[in-house]
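Quick notes on the structure that follows.
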Amino acid sequence: MSLRVNGTALIIAALVATVGALAFPVWSYADRSGTGQANLNASTVATQWGPLSATDRDLLVKVRLAGLWELPAGQQAIERAPSRAMVECGDHLVVGHTDLDRRARDVAAKLGVELPNQPTEQQQGWLRELTAARGEEYERKFANILRNAHGKVFALIAEVRHTTRNALIRQLASDANQTVLDHITMLEATGMVDHDALANEAAGRKTTPPTGPPVVPSPAVPSPVLPSGTDQSYTSRPVPEAGIRTPHG
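Counting with full-length UniProt numbering, you get residues 1 to 249 for the letters of the sequence shown.
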(Lines of atoms letter the chains of each structure in order from A; the text may use other names.)
(Lines give C-alpha, C1' and ligand atoms only; values in the text may rest on other atoms or scores of the structure.)
Protein backbone atom coordinates (compact mmCIF):
# COMPACT_ATOMS: atom_id res chain seq x y z
CA MET A 1 0.00 0.00 0.00
CA SER A 2 2.78 2.37 0.95
CA LEU A 3 4.57 1.69 -2.33
CA ARG A 4 1.42 2.57 -4.28
CA VAL A 5 0.99 5.83 -2.32
CA ASN A 6 4.63 6.75 -2.80
CA GLY A 7 4.37 6.03 -6.53
CA THR A 8 1.28 8.19 -6.87
CA ALA A 9 2.98 11.02 -5.00
CA LEU A 10 5.99 10.83 -7.29
CA ILE A 11 3.78 10.99 -10.38
CA ILE A 12 1.89 14.03 -9.03
CA ALA A 13 5.15 15.74 -8.10
CA ALA A 14 6.54 15.10 -11.56
CA LEU A 15 3.41 16.54 -13.21
CA VAL A 16 3.55 19.64 -11.03
CA ALA A 17 7.22 20.13 -11.86
CA THR A 18 6.54 19.76 -15.59
CA VAL A 19 3.68 22.27 -15.53
CA GLY A 20 5.80 24.69 -13.55
CA ALA A 21 8.69 24.37 -15.98
CA LEU A 22 6.38 25.08 -18.92
CA ALA A 23 4.68 28.02 -17.23
CA PHE A 24 7.82 29.70 -15.85
CA PRO A 25 9.08 31.08 -19.20
CA VAL A 26 5.66 32.61 -19.85
CA TRP A 27 5.47 34.22 -16.42
CA SER A 28 9.02 35.55 -16.50
CA TYR A 29 9.33 36.49 -20.17
CA ALA A 30 8.62 40.19 -19.61
CA ASP A 31 11.43 40.34 -17.04
CA ARG A 32 14.05 38.48 -19.05
CA SER A 33 17.05 40.50 -20.18
CA GLY A 34 17.42 40.86 -23.91
CA THR A 35 13.73 41.35 -24.67
CA GLY A 36 12.48 44.58 -26.22
CA GLN A 37 10.48 45.46 -23.12
CA ALA A 38 13.44 44.84 -20.82
CA ASN A 39 15.74 46.94 -23.00
CA LEU A 40 13.21 49.77 -23.07
CA ASN A 41 12.83 49.71 -19.29
CA ALA A 42 16.59 49.58 -18.74
CA SER A 43 17.24 52.60 -20.94
CA THR A 44 14.34 54.73 -19.66
CA VAL A 45 14.49 57.30 -16.87
CA ALA A 46 11.55 58.97 -15.13
CA THR A 47 10.94 62.72 -15.55
CA GLN A 48 8.08 65.02 -14.58
CA TRP A 49 7.09 65.16 -18.29
CA GLY A 50 6.94 61.38 -18.65
CA PRO A 51 9.41 58.51 -19.21
CA LEU A 52 12.48 59.43 -21.26
CA SER A 53 13.86 56.58 -23.38
CA ALA A 54 17.24 56.16 -25.07
CA THR A 55 15.57 56.78 -28.45
CA ASP A 56 14.12 60.04 -27.10
CA ARG A 57 17.59 61.14 -26.03
CA ASP A 58 18.99 60.09 -29.40
CA LEU A 59 16.55 62.44 -31.12
CA LEU A 60 17.73 65.35 -28.98
CA VAL A 61 21.35 64.65 -29.94
CA LYS A 62 20.52 64.24 -33.65
CA VAL A 63 18.57 67.52 -33.76
CA ARG A 64 21.47 69.32 -32.09
CA LEU A 65 24.01 67.78 -34.47
CA ALA A 66 21.89 68.71 -37.48
CA GLY A 67 21.91 72.35 -36.44
CA LEU A 68 25.66 72.36 -35.83
CA TRP A 69 26.51 71.59 -39.44
CA GLU A 70 23.40 72.59 -41.43
CA LEU A 71 23.41 76.14 -40.09
CA PRO A 72 26.88 76.91 -41.55
CA ALA A 73 25.95 74.98 -44.71
CA GLY A 74 22.86 77.13 -45.17
CA GLN A 75 24.79 80.32 -44.50
CA GLN A 76 27.37 79.27 -47.07
CA ALA A 77 24.64 78.76 -49.71
CA ILE A 78 23.29 82.25 -49.04
CA GLU A 79 26.73 83.86 -49.35
CA ARG A 80 27.69 82.03 -52.52
CA ALA A 81 24.29 82.72 -54.11
CA PRO A 82 24.76 80.38 -57.11
CA SER A 83 21.03 80.47 -57.87
CA ARG A 84 17.85 81.91 -56.42
CA ALA A 85 16.56 78.44 -55.49
CA MET A 86 19.79 77.69 -53.61
CA VAL A 87 19.65 80.99 -51.73
CA GLU A 88 16.06 80.33 -50.64
CA CYS A 89 17.02 76.82 -49.59
CA GLY A 90 19.92 78.14 -47.52
CA ASP A 91 17.64 80.71 -45.90
CA HIS A 92 15.17 77.99 -44.87
CA LEU A 93 17.99 75.94 -43.38
CA VAL A 94 19.30 78.86 -41.32
CA VAL A 95 15.90 79.98 -40.05
CA GLY A 96 14.61 76.47 -39.39
CA HIS A 97 17.66 75.12 -37.57
CA THR A 98 18.18 78.30 -35.55
CA ASP A 99 14.72 77.85 -34.06
CA LEU A 100 14.91 74.06 -33.77
CA ASP A 101 18.35 74.16 -32.14
CA ARG A 102 17.06 76.60 -29.54
CA ARG A 103 14.12 74.30 -28.77
CA ALA A 104 16.37 71.23 -28.53
CA ARG A 105 18.77 72.94 -26.11
CA ASP A 106 15.86 74.11 -23.96
CA VAL A 107 14.35 70.61 -23.79
CA ALA A 108 17.73 69.00 -23.11
CA ALA A 109 18.37 71.39 -20.22
CA LYS A 110 15.02 70.52 -18.63
CA LEU A 111 15.54 66.77 -19.07
CA GLY A 112 19.21 66.74 -18.06
CA VAL A 113 20.52 65.46 -21.41
CA GLU A 114 24.05 66.48 -22.41
CA LEU A 115 24.32 67.67 -26.00
CA PRO A 116 27.36 67.84 -28.31
CA ASN A 117 28.99 71.16 -29.19
CA GLN A 118 30.50 70.27 -32.57
CA PRO A 119 29.44 68.24 -35.61
CA THR A 120 30.51 64.64 -36.08
CA GLU A 121 33.56 63.77 -38.20
CA GLN A 122 31.25 62.78 -41.06
CA GLN A 123 29.36 66.08 -40.87
CA GLN A 124 32.59 68.05 -40.79
CA GLY A 125 33.67 66.09 -43.87
CA TRP A 126 30.47 67.12 -45.65
CA LEU A 127 31.17 70.76 -44.87
CA ARG A 128 34.70 70.46 -46.22
CA GLU A 129 33.38 68.77 -49.35
CA LEU A 130 30.90 71.59 -49.94
CA THR A 131 33.51 74.27 -49.32
CA ALA A 132 35.83 72.73 -51.92
CA ALA A 133 33.14 72.44 -54.61
CA ARG A 134 32.34 75.14 -57.16
CA GLY A 135 29.57 76.03 -59.61
CA GLU A 136 27.09 73.33 -60.58
CA GLU A 137 29.11 70.70 -58.71
CA TYR A 138 28.54 72.70 -55.50
CA GLU A 139 24.80 72.94 -56.12
CA ARG A 140 24.49 69.20 -56.75
CA LYS A 141 26.55 68.26 -53.72
CA PHE A 142 24.65 70.70 -51.53
CA ALA A 143 21.23 69.41 -52.64
CA ASN A 144 22.07 65.71 -52.42
CA ILE A 145 24.18 65.60 -49.25
CA LEU A 146 21.65 67.64 -47.32
CA ARG A 147 18.63 65.85 -48.82
CA ASN A 148 20.09 62.47 -47.85
CA ALA A 149 20.87 63.62 -44.30
CA HIS A 150 17.37 65.05 -43.83
CA GLY A 151 15.75 61.88 -45.13
CA LYS A 152 17.58 59.71 -42.60
CA VAL A 153 16.72 61.86 -39.58
CA PHE A 154 13.13 62.06 -40.86
CA ALA A 155 12.71 58.34 -40.11
CA LEU A 156 13.95 58.76 -36.52
CA ILE A 157 11.61 61.71 -35.96
CA ALA A 158 8.64 59.62 -37.10
CA GLU A 159 9.60 56.75 -34.77
CA VAL A 160 9.99 59.02 -31.76
CA ARG A 161 6.79 60.94 -32.49
CA HIS A 162 4.96 57.60 -32.66
CA THR A 163 6.42 55.95 -29.55
CA THR A 164 7.58 58.59 -27.06
CA ARG A 165 5.87 58.87 -23.68
CA ASN A 166 7.54 62.18 -22.86
CA ALA A 167 5.51 65.35 -23.50
CA LEU A 168 8.54 67.57 -24.19
CA ILE A 169 10.02 65.11 -26.66
CA ARG A 170 6.65 64.67 -28.36
CA GLN A 171 6.38 68.41 -29.02
CA LEU A 172 9.99 68.61 -30.18
CA ALA A 173 9.38 65.71 -32.59
CA SER A 174 6.34 67.54 -34.00
CA ASP A 175 8.37 70.72 -34.50
CA ALA A 176 11.27 68.80 -36.03
CA ASN A 177 8.93 66.97 -38.38
CA GLN A 178 7.63 70.25 -39.82
CA THR A 179 11.11 71.77 -40.11
CA VAL A 180 12.73 68.75 -41.77
CA LEU A 181 9.84 68.31 -44.20
CA ASP A 182 10.14 71.99 -45.17
CA HIS A 183 13.86 71.57 -45.79
CA ILE A 184 13.34 68.41 -47.85
CA THR A 185 10.78 70.28 -49.97
CA MET A 186 13.12 73.23 -50.53
CA LEU A 187 16.07 70.99 -51.41
CA GLU A 188 13.98 69.12 -53.97
CA ALA A 189 12.79 72.45 -55.41
CA THR A 190 16.36 73.14 -56.55
CA GLY A 191 15.91 70.41 -59.19
CA MET A 192 19.29 68.95 -58.24
CA VAL A 193 18.25 66.00 -56.06
CA ASP A 194 19.12 62.56 -57.48
CA HIS A 195 16.08 60.50 -56.41
CA ASP A 196 17.43 57.36 -58.09
CA ALA A 197 20.56 57.50 -55.94
CA LEU A 198 18.47 57.95 -52.78
CA ALA A 199 16.26 54.97 -53.65
CA ASN A 200 19.24 52.74 -54.53
CA GLU A 201 21.06 53.59 -51.29
CA ALA A 202 17.96 52.87 -49.23
CA ALA A 203 17.46 49.56 -51.06
CA GLY A 204 21.04 48.57 -50.27
CA ARG A 205 20.40 48.93 -46.54
CA LYS A 206 17.41 46.55 -46.57
CA THR A 207 17.99 42.87 -45.82
CA THR A 208 14.48 41.60 -46.58
CA PRO A 209 12.72 41.58 -49.93
CA PRO A 210 9.89 44.07 -50.52
CA THR A 211 6.42 42.86 -49.65
CA GLY A 212 4.33 45.21 -51.77
CA PRO A 213 1.63 43.81 -54.07
CA PRO A 214 2.64 42.88 -57.62
CA VAL A 215 1.98 45.30 -60.44
CA VAL A 216 -1.00 44.27 -62.56
CA PRO A 217 -0.41 45.21 -66.20
CA SER A 218 -3.09 47.39 -67.75
CA PRO A 219 -5.17 45.62 -70.41
CA ALA A 220 -4.26 46.55 -73.96
CA VAL A 221 -6.79 48.73 -75.76
CA PRO A 222 -7.82 46.91 -78.99
CA SER A 223 -7.62 48.80 -82.27
CA PRO A 224 -10.99 49.45 -83.94
CA VAL A 225 -11.98 46.94 -86.61
CA LEU A 226 -13.07 48.78 -89.76
CA PRO A 227 -15.44 47.36 -92.38
CA SER A 228 -13.85 45.97 -95.49
CA GLY A 229 -13.21 48.67 -98.09
CA THR A 230 -13.22 51.54 -95.58
CA ASP A 231 -10.76 54.32 -96.28
CA GLN A 232 -7.93 53.65 -93.79
CA SER A 233 -7.06 57.35 -93.68
CA TYR A 234 -10.33 57.82 -91.80
CA THR A 235 -8.68 56.76 -88.55
CA SER A 236 -6.14 59.57 -88.70
CA ARG A 237 -8.60 62.38 -89.31
CA PRO A 238 -9.06 64.75 -86.34
CA VAL A 239 -12.24 64.29 -84.34
CA PRO A 240 -14.28 67.53 -84.15
CA GLU A 241 -14.78 68.96 -80.69
CA ALA A 242 -18.22 68.61 -79.19
CA GLY A 243 -20.60 71.34 -80.34
CA ILE A 244 -18.43 72.34 -83.31
CA ARG A 245 -19.64 71.47 -86.79
CA THR A 246 -17.20 71.05 -89.63
CA PRO A 247 -18.03 71.54 -93.29
CA HIS A 248 -18.31 68.44 -95.42
CA GLY A 249 -15.72 68.10 -98.16
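The C-beta atom is built at its ideal place from N, Cα and C for all residues, glycine as well.
- Counting along the chain, E201 sits inside the alpha helix (DSSP H) bounded by residues H195 to R205.
- Secondary structure of L52 (DSSP, three-state): strand.
- Taking a cut-off of 8 Å for Cβ pairs, the segment 44–60 and the segment 78–89 do not touch, as fewer than three such pairs fall below it.
- Per DSSP, reduced to three states, the secondary structure at V107 is helical.
- Under the three-pair Cβ rule at 8 Å, the segment 119–139 does not count as touching the segment 173–184.
- Annotation for R128: the continuous alpha helix (DSSP H) segment containing it runs E121 to A132.
- Under DSSP, V45 forms a beta bridge with L52.
- Fewer than three Cβ pairs drawn from the segment 35–43 and the segment 88–99 lie within less than 8 Å of each other, which leaves the two stretches out of contact.
- For the set M186, R147, Q123 and D194, the Cα lying nearest the Cα of R64 is the one of Q123.
- Shown here for V45: same chain residues with a beta carbon closer than 8 Å to its own, the five before and five after excluded, namely P51 and L52 in chain order.
- In the three-state DSSP reduction, E114 falls in the coil class, being neither helix nor strand.
- The C-beta separation of H150 from L187 comes to about 7 Å, placing the pair in contact by the 8 Å criterion.
- The DSSP-derived three-state label of N166 is coil.
- The three-state reading of DSSP puts T179 in helix, counting H, G and I together.
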